[in-house]
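Heads up, the thing below is written out as structure tokens.
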Amino acid sequence: MLAPSKTGMASPRALKLVSAVVILMLVSGTLYHREWATRQAKKLRKGPVGFPSGTHDMVWKTETNKALDKVHSAYREDAHVLTDADDFLPHFRAVTEMPAKTLNETKLGCHWEDVSKVNFQYSTNEEWVLENRPEEELESRRKEWHSFVANNMVSWEKHKHNFSGRGVAILGGNEKSLNRVKVTLGQMHLLKSELPVEIHYWGDELNDTSKTSLMMIYRNLYFNDLSGAHNTLATNHDNTFYVNYQLKPAAVVNSRFEEVLFLDSDNIPVVDPALLFESETYKTYGSVFWPDIARTRPENPMWGITNTECRMDEYEMESGQILVDKRKYFYHLQLAAWFNNVHGEYYNNFLLGDKDLFRFAWHALKTTYGRPSRWITSVGTLVPSDPHNKDSEPFFCGHSFGQHHPDRGGPIAFFHGGLMKQIADEVIKWHVASQGGIFQAYKRAPDDEDKLATTQVFIKWDPGEYLPDEWRPDPPAELKINYCTDFKDVQVRNLEELVPGFNPVFKKLGGYWHAGVY
């Protein structure tokens, strides 16, 4: 993964403690991954594994009526222009018949002059980076998803009546997520959005009292229990080692809406989300996948598994927001869900959860997805690095991704606060008291609309050395250290230029609930 910079490092004692914990977690995770991967490599292929019994129909009932033989093969370079999910079936047939590329062949698509300047999610010491996964393993995995597409997907024709209209789907039923959802709903109310919103949760996570409290904020609200038998696509909630990444694609597939904007619970819209459905990018592709800060290594086995040449112009996907038309991509979404729900343990060896399994489902099915014209803007705080010298070099700490309206020159549409929840309460309180909030500054790459351009991103520590003594915890050593994103050699600017007046709005919405600031 992207490694923390030495900029803004904490005290040696604090770093030793943090490092010990991080190393223990990483080693435990790595050992678990490799032990599982070793067992799986021995199995390689025992036939496709479907969703739990009774939860899916057959699109091509090969074993019963030989429907696969009746679907003619018709590859479409412009498959994204198709308007109905079932129109893709001949294209899918052609995709599964394409000659397979080896991993060495898929690597050829990426040939950066200086790979040291490219941001990658995984380091060079990963097992699959050091040595190619066996071609037999990749072929086995290809056949598994081919078989799923041919035999085990839920029929669009049978289930399309379950979906209608446009709306926002948010996954968040536990207590922390619920408080974040309240902020998002409050912001949509302030933006005068008329889009309906559907909250997805699991089982008893969300009680009637909590539902009522949310409806007091935003009236056009629905709820869906993903554990219920009524869902079109079944999923599970029994992942004890990893985050339950499989719930996100399940929420998108099972949402009542035909056209879905999925939002993470910590993602705040800056413009009315309804505008995104009218963007030219969405109208052209029927989907918009927003970028992350890293690119995918050429050695990643997923290029071979999906028979896709490595892409130099493509960032990994940041799935805090997903815009998709299920009338077109009902089957694509099922493949993404299958990657997560059935084989998540395997794919999490080289992909970070749900986010890139959406992207690679589209790659697997040879369908172009929509992308915003602009790359990420890093949004965060800016303070003097020395609290006793206001003229000292400023310290920028990016805590949120500014994601943009998809069309060319688009403004910021979301603040996705992935690192915001790690900021120490004392630091938040000081920022609010002294500077009005934590949305102060931004860094935007000067060539952020050039998808081949490379801006170096690094993760660094914020030890809070700028925090005045009277704001520090007692003892001071207990101040929590958090991560920041930063862009190398990019000018930092005042956020008021892009999104004026957001700090008081965020405070009014209760955005600092976790720090007790209202």
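Heads up, the final residue of the sequence shown is numbered 503 in the working numbering, and it's a clean run with no missing numbers.
C-beta atoms are modelled at their ideal positions from N, C-alpha and C, and glycine is treated no differently.
- Task: Report the three-state DSSP secondary structure of THR470 (helix, strand or coil).
- Result: Numbered from 1 along the sequence shown, position 485 holds the residue referred to as residue 470. Three-state DSSP puts THR470 in a strand.
- Query: To which residues of the same chain is VAL490 closer than 8 angstroms at the C-beta, ignoring the five residues directly before and after it?
  - Reply: Within the sequence shown, the letter at position 505 stands for residue 490. Here the set comprises GLN172 and LEU175.
- What distance in whole Å lies between the Cβ atoms of TRP187 and ALA70, which are believed to be in contact at a cut-off of 8 angstroms? Residue mapping note: residue 70 aligns to position 85 of the sequence shown, counting from 1. Residue mapping note: residue 187 aligns to position 202 of the sequence shown, counting from 1. So it is not a contact: roughly 27 angstroms between Cβ atoms.
- Task: Report yes or no: do three or more beta-carbon pairs, one from the region 314 to 325 and one from the region 106 to 124, lie closer than 8 angstroms?
- Result: Touching, no.
- Message: I need the DSSP call for ASP210, collapsed to helix, strand or coil.
- Response: Position 225 of the sequence shown, counted from the first residue, corresponds to residue 210. Per DSSP, reduced to three states, the secondary structure at ASP210 is strand.
- Query: Does the region 99 to 109 come within contact of the region 429 to 446, defined as at least 3 CB pairs closer than 8 angstroms?
  - Reply: Segment contact: the region 99 to 109 against the region 429 to 446, three or more CB-CB distances shorter than 8 angstroms; contact assigned.
- Task: Output yes if chain B places a C-beta closer than 8 angstroms to the C-beta of VAL66; else output no.
- Result: Absent here is chain B; the protein component of the structure consists of one chain.
- Item | TYR300, enclosing alpha helix (DSSP H) - first and last residue | Taking the first residue of the sequence shown as 1, we reach residue 300 at position 315. Per DSSP, TYR300 belongs to no alpha helix (DSSP H) and is neither H nor E.
- Quick one: give me the first and last residue of the beta strand (DSSP E) that HIS416 is part of. If you number the sequence shown from 1, residue 416 lands on position 431. If you look at HIS416, you'll find it isn't in any beta strand (DSSP E); it sits in the alpha helix (DSSP H) that goes 410 to 420.
- Message: Taking 8 angstroms as the threshold (C-beta atoms), are LEU308 and LEU350 in contact?
- Response: Taking the first residue of the sequence shown as position 1, residue 350 is located at position 365. Taking the first residue of the sequence shown as position 1, residue 308 is located at position 323. When the beta-carbon positions are compared, LEU350 and LEU308 stay at least 8 angstroms from each other.
- Task: Run through the region 258 to 300 for me and flag every whole alpha helix (DSSP H) of 4 or more residues, listed as ranges in chain order.
- Result: Counting only runs of 4 or more, we get 259 to 262, 265 to 270 and 286 to 290.
- How about GLY403 and PHE424: are their beta carbons less than 8 angstroms apart? Against the sequence shown, residue 403 aligns to sequence position 418. Against the sequence shown, residue 424 aligns to sequence position 439. Taking 8 angstroms as the Cβ cut-off, GLY403 and PHE424 do not qualify as a contacting pair.
- From GLY395, GLU482, THR366 and LEU367, residue whose alpha carbon lies closest to that of ARG359: Counting from one through the sequence shown, the residue named residue 359 turns up at place 374. Checking every option, the nearest Cα to that of ARG359 belongs to GLY395.
- Task: Measuring alpha carbon to alpha carbon, tell me which of HIS373, PRO485, TRP288 and HIS389 ends up nearest PHE345.
- Result: Indexing the sequence shown from 1 puts residue 345 at position 360. Looking at the Cα atoms, TRP288 is the closest of the given residues.
- Message: Determine whether the beta carbon atoms of ASP471 and LYS445 lie at a separation below 8 angstroms.
- Response: Translated into positions along the sequence shown, residue 471 becomes position 486. Translated into positions along the sequence shown, residue 445 becomes position 460. Here ASP471 is near LYS445, since their CB atoms are less than 8 angstroms apart.
- Message: As an exercise, report each continuous alpha helix (DSSP H) stretch of at least 4 residues that is fully enclosed by the region 175 to 222, in chain order.
- Response: With a minimum length of 4 residues, the continuous alpha helix (DSSP H) runs that stay inside the region 175 to 222 are 193 to 200.
- Item | Secondary structure of GLU62, DSSP reduced to three states | Counted from its first residue, the sequence shown places residue 62 at position 77. Looking at GLU62 - three-state DSSP - the assignment turns out to be coil, as it is neither helix nor strand.
- Message: Rounded to the nearest angstrom, what separates LEU248 and THR352 at their Cα positions?
- Response: For the purposes of this step, residue 248 is taken as the residue at position 263 of the sequence shown. For the purposes of this step, residue 352 is taken as the residue at position 367 of the sequence shown. Roughly 23 angstroms between the two C-alpha positions.
- Item | Short Cβ contact (8 angstroms threshold) for VAL166 with SER304 | Counted from its first residue, the sequence shown places residue 166 at position 181. Counted from its first residue, the sequence shown places residue 304 at position 319. One thing to note: VAL166 has its Cβ no nearer than 8 angstroms to the Cβ of SER304.
- If you count every other CB in all the chains shown that lies within 10 Å of the CB of THR194, and 16 or more means buried, which is it? As a position in the sequence shown, residue 194 is number 209, starting the count at 1. With a 10 Å radius around the Cβ and a threshold of 16 neighbouring Cβ atoms, THR194 comes out exposed.
- Query: Out of GLU121, SER162 and HIS76, which has the shortest C-alpha to C-alpha gap to LEU88?
  - Reply: Within the sequence shown, numbered from 1, the residue matching residue 88 stands at position 103. With distances taken between Cα atoms, LEU88 lies closest to GLU121.
- Task: Take the Cβ of HIS348 as the centre, count every other Cβ of all protein chains shown within 10 Å, and call the residue buried at 16 or more, exposed below.
- Result: As a first step, residue 348 must be located in the sequence shown, where it is residue number 363. With 16 or more Cβ atoms within 10 Å of its Cβ, HIS348 is classed as buried.
- Environment of ARG204 [buried if 16+ CB atoms lie within 10 Å]: On the sequence shown, residue 204 is found 219 positions in, with the first residue counted as 1. Burial call: exposed.
- Message: Quick check: the Cα distance between ASN285 and GLN231, rounded to an integer number of angstroms?
- Response: On the sequence shown, position 300 is the one that residue 285 refers to. On the sequence shown, position 246 is the one that residue 231 refers to. So the alpha carbons of these two residues sit roughly 21 angstroms apart.
- Item | SER132, enclosing alpha helix (DSSP H) - first and last residue | On the sequence shown, position 147 is the one that residue 132 refers to. Segment 120 to 136, the alpha helix (DSSP H) holding SER132.
- Task: Within the same chain, show all residues whose beta-carbon is closer than 8 angstroms to that of GLU294, passing over the 5 residues directly before and after it, in chain order.
- Result: Here the question's residue 294 lines up with position 309 in the sequence shown. Only LYS86, GLU90, THR91, LEU93, GLY94 and TRP288 meet the Cβ criterion.
- Determine the DSSP secondary structure at LEU367, reduced to helix, strand or coil. Taking the first residue of the sequence shown as position 1, residue 367 is located at position 382. It is a strand residue.
- So what's GLU434 in DSSP terms, helix, strand or just coil? Locating residue 434 in the sequence shown gives position 449, where the first residue counts as 1. Secondary structure of GLU434 (DSSP, three-state): coil.
- Query: In terms of alpha-carbon separation, which member of LYS375, ASP392 and LEU367 lies closest to HIS384?
  - Reply: Here residue 384 corresponds to residue number 399 of the sequence shown, with the count starting at 1. Considering only alpha carbons, the answer is LEU367.
- Can you say whether TRP323 is buried or exposed, counting buried as having 16 or more other CB atoms within 10 angstroms of its CB? For this step, residue 323 is matched to residue 338 along the sequence shown. Taking all protein chains shown into account, TRP323 has 16 or more neighbouring C-beta atoms within 10 Å of its C-beta and is therefore buried.
- Item | Enclosing alpha helix (DSSP H) for PHE399 [first to last residue] | Here residue 399 refers to the residue found at position 414 of the sequence shown. Here PHE399 belongs to no alpha helix (DSSP H); instead the beta strand (DSSP E) covers 397 to 401.
- Query: Name the DSSP beta bridge partners of LEU156, please?
  - Reply: For the purposes of this step, residue 156 is taken as the residue at position 171 of the sequence shown. DSSP lists HIS185 and ASP249 as partners of LEU156.
- Message: Suppose you measure from the CA of TYR332 to the CA of ASP341; what does that come to, to the nearest Å?
- Response: Within the sequence shown, the letter at position 347 stands for residue 332. Within the sequence shown, the letter at position 356 stands for residue 341. In this structure, the CA atom of TYR332 is about 10 angstroms from the CA atom of ASP341.
- Drop a sphere of 10 angstroms on the beta-carbon of PRO276, count the other beta-carbons inside from all chains shown, and report buried for 16 or more, exposed for fewer. One-based indexing of the sequence shown puts residue 276 at position 291. It is buried - the Cβ of PRO276 has at least 16 other Cβ atoms within 10 Å.
- When the Cα atoms are used, what is the spatial distance from ILE397 to SER125? Within the sequence shown, the letter at position 412 stands for residue 397. Within the sequence shown, the letter at position 140 stands for residue 125. So the two alpha carbons sit approximately 42 angstroms from each other.
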